[in-house]
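Sequence lines, in order, name chains Y and E. Per my numbering, residue 2 is the first one in the first sequence, and the count goes up by one each step. Per my numbering, residue 356 is the first one in the second sequence, and the count goes up by one each step.
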Amino acid sequence: MQKIYKKYFPVFTLPTLIAYAICFAVPFFMGLYLSFCNFKTISSAKWVGLSNYQFVFNDSAGFISALGFTVKVAVVGVITTNVFAFALALLLTKGLKGTGAYRTIFFMPNLIGGIILGYIWQLLLNGILIHLVGADLTFKASYGYLGIILLYNWQKIGYLMIIYIAGIQSVPADMLEAAKIDGANYWQILRKIILPMVMSSITICMFLSLTDCFKMYDQNLALTGGAPANQTAMLALDITNTYYNRVGFAGIGQAKAVLFTLLVFVIALVQLRVTRSKEVE
Amino acid sequence: MQERRRAANIITYVVLTVLAVAFLVPIALVIMNSFKNKLYISDQPFALPGEGTFVGFSNYIEGLTKIKFWNSIGYSLFITVFSVIIIIVCCSMTAWFITRVKGKISSFLYYLFVASMVVPFQMVMYTMTKTADTLHLNNLVGMLVLYLGFGAPMAVFMFSGFVKGVPIDLEEAALIDGCNPISMFTKVIFPILKPISITVAILDAMWIWNDFQLPYLIIGTKYRTVPVAIQYLKTGYGSIDYGHLMAVIVVALIPIVIFYFCCQKYIIEGIVDGAVKG
Numbered sequence: 002m003q004k005i006y007k008k009y010f011p012v013f014t015l016p017t018l019i020a021y022a023i024c025f026a027v028p029f030f031m032g033l034y035l036s037f038c039n040f041k042t043i044s045s046a047k048w049v050g051l052s053n054y055q056f057v058f059n060d061s062a063g064f065i066s067a068l069g070f071t072v073k074v075a076v077v078g079v080i081t082t083n084v085f086a087f088a089l090a091l092l093l094t095k096g097l098k099g100t101g102a103y104r105t106i107f108f109m110p111n112l113i114g115g116i117i118l119g120y121i122w123q124l125l126l127n128g129i130l131i132h133l134v135g136a137d138l139t140f141k142a143s144y145g146y147l148g149i150i151l152l153y154n155w156q157k158i159g160y161l162m163i164i165y166i167a168g169i170q171s172v173p174a175d176m177l178e179a180a181k182i183d184g185a186n187y188w189q190i191l192r193k194i195i196l197p198m199v200m201s202s203i204t205i206c207m208f209l210s211l212t213d214c215f216k217m218y219d220q221n222l223a224l225t226g227g228a229p230a231n232q233t234a235m236l237a238l239d240i241t242n243t244y245y246n247r248v249g250f251a252g253i254g255q256a257k258a259v260l261f262t263l264l265v266f267v268i269a270l271v272q273l274r275v276t277r278s279k280e281v282e
Numbered sequence: 356m357q358e359r360r361r362a363a364n365i366i367t368y369v370v371l372t373v374l375a376v377a378f379l380v381p382i383a384l385v386i387m388n389s390f391k392n393k394l395y396i397s398d399q400p401f402a403l404p405g406e407g408t409f410v411g412f413s414n415y416i417e418g419l420t421k422i423k424f425w426n427s428i429g430y431s432l433f434i435t436v437f438s439v440i441i442i443i444v445c446c447s448m449t450a451w452f453i454t455r456v457k458g459k460i461s462s463f464l465y466y467l468f469v470a471s472m473v474v475p476f477q478m479v480m481y482t483m484t485k486t487a488d489t490l491h492l493n494n495l496v497g498m499l500v501l502y503l504g505f506g507a508p509m510a511v512f513m514f515s516g517f518v519k520g521v522p523i524d525l526e527e528a529a530l531i532d533g534c535n536p537i538s539m540f541t542k543v544i545f546p547i548l549k550p551i552s553i554t555v556a557i558l559d560a561m562w563i564w565n566d567f568q569l570p571y572l573i574i575g576t577k578y579r580t581v582p583v584a585i586q587y588l589k590t591g592y593g594s595i596d597y598g599h600l601m602a603v604i605v606v607a608l609i610p611i612v613i614f615y616f617c618c619q620k621y622i623i624e625g626i627v628d629g630a631v632k633g
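Below is the structure:
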């Protein structure tokens, strides 16, 4: 059978592979090479060794500041979204009537694109801030920071909640029943049975929200656009701005992109390790 | 005991209702402000439209015609629908092939796709844009090729996981009955893949409809998809006509809400599936 199949390799795989090569494989290696070059167009690229990378590490207002801001958003964003999503999932799996409608509402923001989300929250937060302090989101980096966290919570809670609900529902009912008969109270059931049983959902949700946060671009662009003075630019926005808003900085933008890719890979690998070690148990 | 449980249930309902209202406030605010004069939006977004600030549908009429928003919805629909179809067809075939035909090439391709899921868009953004321009893919049909390329890693990964569980006996029987691999795939395998096809279709439809950077960079000047058109409401000096913006956002939300209410069940199953397997 394998022999018959092998003849059909081109029919089954070539369309996908060609498209993949155009989007990923070829640009990836070109990009890797160009990160060591100084260039305005690809044909005029000149090899400059590690100087792009040197610049990136010495330019504290660029990549380093964006990295710091991204980590700040990611840490708080991941914790808040996961805690709220888990709490909501617990409330919605208590067997109350009519919880479907709540689930529908909480999940809806997740379908809205990042650009639209950004402008919705810009309107809301500017309205509040102008009343309270007489300034808008772009006035101070801390306002933009808070805005991104709020937006991210609004967008992601429903999504993570759905995954947590599926996890909690897969806890066997007779196990919970037995614990109740033995006289365990709600907190004991939550800590000793539900939490360990949904551990795999927790790792999945942490990973999804973490990588999502690191790659965030649209929301950041629409909400603050990096203002004031690039202080609220996350990595993806900072890299894009380096490419397209500063003439002669394309090589440096590419070097930043390579570092960004490495960083995301490290996060993914660590995550994979953690998930694997949990699965053995 | 009964009393206490009832009290607890009431508290739960109250908490959930308050949160649900809070979740709906941002959208209600946008709808409300879309009927107001632009001068009263960014300063007083919480004031109801009233005498002097209410402008009826003029924001809608001006905003939609100014940026030709109907065209944008058309472009977005075209790109989303056809990209999803192409991704489903091509990636299910590729995934089936590299799962069934064991060998070095197959496992290399599989791990290549898995690794590609992690790569951030910015890594290939610049070089991919240049490649696409060189190959004249900067048009609506070219976008379909690009979405196939960018969608392939996740789609192949998810289809492969499903194919592993499909019994091989079915294929043998079909081949003995005189099918060639292509007709065997279309008649026997593809129908079995229906559940995972729906999951991939939903995840990809949501991604492509909302995607901003790729259409912005490749076809942003000629064909503005919905997110790109909204971003273009911002002028070069950073100012926005908030009246137009609100009206356009409301119109952009309508297809999403319709899609959500039509296939809510599939969307939620798809999300859980995608998360657990991804």
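By construction, the Cβ of each residue, glycine as well, lies at the ideal position given by its N, Cα and C atoms.
Exercise. Taking residue 219 (chain Y) and residue 78 (chain Y) to be in contact with their CB atoms under 8 angstroms, please state how far apart those CB atoms are, rounded to whole angstroms.
Key: Translated into positions along the first sequence, residue 219 (chain Y) becomes position 218. Translated into positions along the first sequence, residue 78 (chain Y) becomes position 77. Not quite, the Cβ-Cβ distance comes to about 15 angstroms (not below 8 angstroms), so this is no contact.
Quiz prompt | 8 angstroms Cβ cut-off: residues of chain E touching residue 259 (chain Y) | solution = Your numbering for residue 259 (chain Y) matches position 258 in the first sequence. Chain E residues near residue 259 (chain Y): 478.
Exercise. Consult DSSP for residue 47 (chain Y) and reduce its assignment to one of helix, strand or coil.
Key: Taking the first residue of the first sequence as position 1, residue 47 (chain Y) is located at position 46. Strand at residue 47 (chain Y).
Practice problem: Closer than 6 angstroms by C-beta to residue 552 (chain E): which residues in its own chain qualify, once you throw out the five before and the five after it? Chain order, please. | Solution: For the purposes of this step, residue 552 (chain E) is taken as the residue at position 197 of the second sequence. Here the set comprises 443.
Quiz item: What is the residue span of the alpha helix (DSSP H) that residue 554 (chain E) lies within?
Solution: Position 199 of the second sequence, counted from the start, is the residue given in the question as residue 554 (chain E). Per DSSP, residue 554 (chain E) belongs to the alpha helix (DSSP H) from 549-565.
Quiz prompt | Under the three-state DSSP convention, the category residue 421 (chain E) falls into | solution = Within the second sequence, the letter at position 66 stands for residue 421 (chain E). Look at residue 421 (chain E) here: in three-state DSSP terms it is helix.
Quiz item: With C-beta atoms as the reference, is residue 126 (chain Y) less than 8 angstroms away from residue 101 (chain Y)?
Solution: Here residue 126 (chain Y) is taken as the residue at index 125 of the first sequence, counted from 1. Here residue 101 (chain Y) is taken as the residue at index 100 of the first sequence, counted from 1. Not closer than 8 angstroms, so no.
Quiz prompt | Closest residue to residue 208 (chain Y) among E:598, E:630 and E:532 (Cα-Cα distance) | solution = Taking the first sequence and counting its residues from 1, the one referred to as residue 208 (chain Y) is at position 207. Checked all of E:598, E:630 and E:532; the closest Cα to residue 208 (chain Y) is E:630.
Quiz item: In the segment 229-254 of chain Y, which residue ranges form an unbroken alpha helix (DSSP H) of at least 4 residues, counting only runs that do not cross its ends?
Solution: 236-246
Quiz item: From residue 527 (chain E) to residue 7 (chain Y), what distance separates their C-alpha atoms?
Solution: For the purposes of this step, residue 527 (chain E) is taken as residue 172 along the second sequence, with counting starting at 1. For the purposes of this step, residue 7 (chain Y) is taken as residue 6 along the first sequence, with counting starting at 1. Using only the alpha carbons, I get a separation of about 15 angstroms.
Exercise. Please confirm whether residue 585 (chain E) and residue 560 (chain E) have their CB atoms less than 8 angstroms apart.
Key: If you number the second sequence from 1, residue 585 (chain E) lands on position 230. If you number the second sequence from 1, residue 560 (chain E) lands on position 205. Going by C-beta atoms, residue 585 (chain E) is not nearer than 8 angstroms to residue 560 (chain E).
Quiz item: residue 74 (chain Y): which of Y:162, Y:245 and Y:236 sits nearest, CA to CA?
Solution: To locate residue 74 (chain Y), count along the first sequence from 1; it is residue 73. With distances taken between Cα atoms, residue 74 (chain Y) lies closest to Y:236.
Quiz prompt | Inter-residue CB distance, residue 299 (chain Y) and residue 169 (chain Y) (contact presumed, cutoff 8 angstroms) | solution = This structure cannot settle anything about residue 299 (chain Y), because the visible part of chain Y is limited to 2 through 282.
Quiz item: If you draw a straight line from the alpha carbon of residue 510 (chain E) to that of residue 163 (chain Y), how long is it in whole angstroms?
Solution: As a first step, residue 510 (chain E) must be located in the second sequence, where it is residue number 155. As a first step, residue 163 (chain Y) must be located in the first sequence, where it is residue number 162. Spanning the alpha carbons of residue 510 (chain E) and residue 163 (chain Y) requires a straight line of approximately 21 angstroms.
Quiz item: How is residue 445 (chain E) classed by DSSP in three states: helix, strand or coil?
Solution: Taking the first residue of the second sequence as 1, we reach residue 445 (chain E) at position 90. Looking at residue 445 (chain E) - three-state DSSP - the assignment turns out to be helix.
Exercise. Identify every residue that forms a DSSP beta bridge with residue 391 (chain E).
Key: In the second sequence, the residue the question calls residue 391 (chain E) occupies position 36. Bridge partners of residue 391 (chain E): E:409.
Exercise. Compute the distance between the beta-carbons of residue 268 (chain Y) and residue 211 (chain Y), then report whether it is under 8 angstroms.
Key: Your numbering for residue 268 (chain Y) matches position 267 in the first sequence. Your numbering for residue 211 (chain Y) matches position 210 in the first sequence. Cβ atoms of residue 268 (chain Y) and residue 211 (chain Y): closer than 8 angstroms.
Self-check item: Inter-residue spacing [alpha-carbon to alpha-carbon] between residue 546 (chain E) and residue 140 (chain Y)
Solution: As a working mapping, residue 546 (chain E) is identified with position 191 in the second sequence. As a working mapping, residue 140 (chain Y) is identified with position 139 in the first sequence. Roughly 56 angstroms between the two C-alpha positions.
Self-check item: Paired residues, beta bridge with residue 38 (chain Y) - DSSP
Solution: Within the first sequence, the letter at position 37 stands for residue 38 (chain Y). Note: residue 38 (chain Y) sits in a beta bridge opposite Y:48.
Practice problem: Rounded to whole angstroms, what's the CA-CA distance from residue 543 (chain E) to residue 16 (chain Y)? Just pull it up for me. | Solution: If you number the second sequence from 1, residue 543 (chain E) lands on position 188. If you number the first sequence from 1, residue 16 (chain Y) lands on position 15. Residue 16 (chain Y) has its alpha-carbon roughly 21 angstroms from the corresponding atom of residue 543 (chain E).
Exercise. List the residues of chain Y whose Cβ lies closer than 8 angstroms to the Cβ of residue 582 (chain E), in chain order.
Key: Within the second sequence, the letter at position 227 stands for residue 582 (chain E). By Cβ distance, chain Y contributes 114, 115, 116, 117 and 219.
Quiz item: If we count the other Cβ atoms within 10 Å of its Cβ and call it buried at 16 or more, is residue 11 (chain Y) buried or exposed?
Solution: One-based indexing of the first sequence puts residue 11 (chain Y) at position 10. With fewer than 16 Cβ atoms within 10 Å of its Cβ, residue 11 (chain Y) is classed as exposed.
Practice problem: Check the Cβ of residue 507 (chain E) against every Cβ in chain Y and list those closer than 7 angstroms, keeping chain order. | Solution: Here residue 507 (chain E) corresponds to residue number 152 of the second sequence, with the count starting at 1. By Cβ distance, chain Y contributes 17, 20 and 21.
Quiz item: How far does the alpha helix (DSSP H) with residue 93 (chain Y) in it reach, from first residue to last?
Solution: If you number the first sequence from 1, residue 93 (chain Y) lands on position 92. That run of the alpha helix (DSSP H) goes 66-93.
Practice problem: Grab me the residues of residue 123 (chain Y)'s own chain with a C-beta within less than 6 angstroms of its C-beta, minus the 5 sequence neighbours each way, in chain order. | Solution: Along the first sequence, one-based indexing puts residue 123 (chain Y) at 122. Excluding residues within five positions, the ones whose Cβ falls inside 6 angstroms are 224.
Practice problem: Would you kindly check if the distance between the Cβ of residue 57 (chain Y) and the Cβ of residue 264 (chain Y) is under 8 angstroms? | Solution: For the purposes of this step, residue 264 (chain Y) is taken as the residue at position 263 of the first sequence. For the purposes of this step, residue 57 (chain Y) is taken as the residue at position 56 of the first sequence. Cβ atoms of residue 264 (chain Y) and residue 57 (chain Y): not closer than 8 angstroms.
Practice problem: Return no unless some Cβ of chain E is closer than 8 angstroms to the Cβ of residue 24 (chain Y). | Solution: Your numbering for residue 24 (chain Y) matches position 23 in the first sequence. Interface residue, yes.
Quiz item: How is the alpha helix (DSSP H) around residue 104 (chain Y) delimited, first residue to last?
Solution: Numbered from its first residue, the first sequence carries residue 104 (chain Y) at position 103. Here the alpha helix (DSSP H) through residue 104 (chain Y) covers 100-108.
Practice problem: Just tell me which of Y:39, Y:205, Y:232 and Y:226 has its CA closest to the CA of residue 628 (chain E). | Solution: As a working mapping, residue 628 (chain E) is identified with position 273 in the second sequence. The shortest C-alpha to C-alpha distance from residue 628 (chain E) to any of Y:39, Y:205, Y:232 and Y:226 is the one to Y:205.
Quiz prompt | Contact list for residue 127 (chain Y) against chain E, beta-carbon separation under 8 angstroms | solution = Residue 127 (chain Y) sits at position 126 when you count from the first residue of the first sequence. Simply 397 and 400.
Practice problem: Taking C-beta pairs closer than 9 angstroms, name the residues in chain E that residue 251 (chain Y) reaches, listed in chain order. | Solution: For this step, residue 251 (chain Y) is matched to residue 250 along the first sequence. Simply 481.
Exercise. Give a yes or no on whether the minimum CB-CB distance between residue 177 (chain Y) and chain E is below 8 angstroms.
Key: Position 176 of the first sequence holds residue 177 (chain Y). Not closer than 8 angstroms to any Cβ of chain E, the Cβ of residue 177 (chain Y) fails to qualify, so no.
Quiz item: In the structure shown, what three-state DSSP assignment does residue 402 (chain E) receive?
Solution: The residue given as residue 402 (chain E) occupies position 47 in the second sequence. Here residue 402 (chain E) sits in coil by DSSP.
Quiz prompt | Inter-residue Cα distance where the pair is residue 597 (chain E) and residue 43 (chain Y) | solution = Here residue 597 (chain E) corresponds to residue number 242 of the second sequence, with the count starting at 1. Here residue 43 (chain Y) corresponds to residue number 42 of the first sequence, with the count starting at 1. Residue 597 (chain E) and residue 43 (chain Y): Cα-Cα distance of roughly 40 angstroms.
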